[in-house]
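Visitor: Positions 94 to 291 (the numbering used here) are the ones given, in order, by the sequence shown.
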Amino acid sequence: MNKKRVMTWLLGTLIVAGVSGPLWAQPGPQGKGPQGKAAQGKGSQGKAAQEKGTSGKGGEIGQNAAPKSDMELIRFLLDHRKEIKRSVKNLPNGVVTVTESTNPQVVAVLQTHVASMKKRVEEARPIHARDPLFAEIFRNTTKIEMQVEKTAKGVKVLETSDDAYTVKLIQMHAAVVSLFVQNGQSEAKKNHPVPKKN
Ligand code: HEM
């Protein structure tokens with residue numbers, strides 16, 4: 094190659110590399126990798142796609158679907174609320190809840206949701222903070238103890254606190270989860286009040 098050809102070839106290579114970006118800059122599992130920002134709202138990795146995912150009508154979770162976001166799993170649970178049975182027992186220091194289904198897919202989503210929410214509580218990573226009750230729960234995570242046990246058909250959760258106000262928060266949240274099961278999306282759109290301090 095003569096000098097001119099080499100320059101043209103070099104220039105072409107640089108342009109292609111610049112457009113496609115470095116190979117290691119792939120979006121993460123939920124489009125949140127190094128390129129996540131640019132991808133959001135544009136291509137299939139955008140925010141809308143992230144939230145909708147590959148769920149079909151009626152919130153079915155596809156066989157080969159990518160890992161689901163917390164909001165997708167929550168939407169699935171709300172859509173399948175009629176297949177969910179839940180009991181809540183208030184204790185002096187919290188609640189014990191059993192939430193189950195005979196649909197194995199719902200069981201799996203329930204177990205994933207609760208494991209993910211437990212992690213959020215442990216790491217104080219808020220979700221649904223538009224609702225005052227949820228915002229308040231995430232302000233008090235250091236006082237919450239959560240023990241999760243998988244059952245054959247779902248989850249059994251023991252959630253407790255040594256702090257009287259946090260006990261009220263835990264009990265109100267458990268009651269609201271039961272309302273989510275009873276009323277679905279319309280309940281999730283509502284704001285729920287925080288308990289009185291004493
Ligand atoms: C049918 C719908 C839903 C079901 C069946 C469900 C189920 C559960 C269960 C079993 C727990 C463990 C605590 C307990 O049993 O009280 C839990 C915790 C939690 N859920 Fe859900 N959930 C639903 C909807 C939602 C929605 C709409 C949100 C918010 C967008 C949400 C956010 C949370 C959070 C933040 C926690 C951890 C906080 C805590 O337990 O104090 N869930 N959920």
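Note that beta-carbon positions come from the ideal geometry of N, C-alpha and C, so glycine has one too.
Being a predicted model, the structure only gives us computed values, none of them experimental.
Could you confirm whether any beta carbon from chain B is found closer than 9 angstroms to the beta carbon of K282?
Guide: Absent from the structure is chain B; it holds one protein chain and no more.
Visitor: Going by beta-carbon coordinates alone, are H266 and L226 separated by less than 9 angstroms?
Guide: Locating residue 266 in the sequence shown gives position 173, counting from the first residue. Locating residue 226 in the sequence shown gives position 133, counting from the first residue. Taking 9 angstroms as the Cβ cut-off, H266 and L226 qualify as a contacting pair.
Visitor: Where does T253 sit, in a helix, a strand or coil, going by DSSP?
Guide: In the sequence shown, residue 253 corresponds to position 160, counting from 1. DSSP places T253 in strand when its eight states are reduced to three.
Visitor: In whole angstroms, give me the CA-to-CA distance for T253 and I263.
Guide: Within the sequence shown, numbered from 1, the residue matching residue 253 stands at position 160. Within the sequence shown, numbered from 1, the residue matching residue 263 stands at position 170. Taking the straight line joining both Cα atoms gives about 7 angstroms.
Visitor: By the three-class DSSP mapping on this structure, what secondary structure does K178 have?
Guide: Translated into the one-based positions of the sequence shown, residue 178 becomes position 85. Three-state DSSP puts K178 in a strand.
Visitor: Regarding H206 and ligand 1, is the C-beta to nearest heavy atom distance less than 8 angstroms?
Guide: Position 113 of the sequence shown, counting from 1, holds the residue named residue 206. Result yes, Cβ under 8 angstroms from ligand 1.
Visitor: Hey, how far is the Cα of I220 from the Cα of T244?
Guide: Counting from 1 along the sequence shown, the entry for residue 220 is found at position 127. Counting from 1 along the sequence shown, the entry for residue 244 is found at position 151. Distance between the alpha carbons of I220 and T244: 25 angstroms.
Visitor: Kindly confirm or deny that the region 276-284 and the region 191-203 touch, where touching means at least three C-beta pairs closer than 8 angstroms.
Guide: no
Visitor: From R213 to V181, what distance separates their C-alpha atoms?
Guide: Counting from 1 along the sequence shown, the entry for residue 213 is found at position 120. Counting from 1 along the sequence shown, the entry for residue 181 is found at position 88. Spanning the two alpha carbons is a distance of roughly 21 angstroms.
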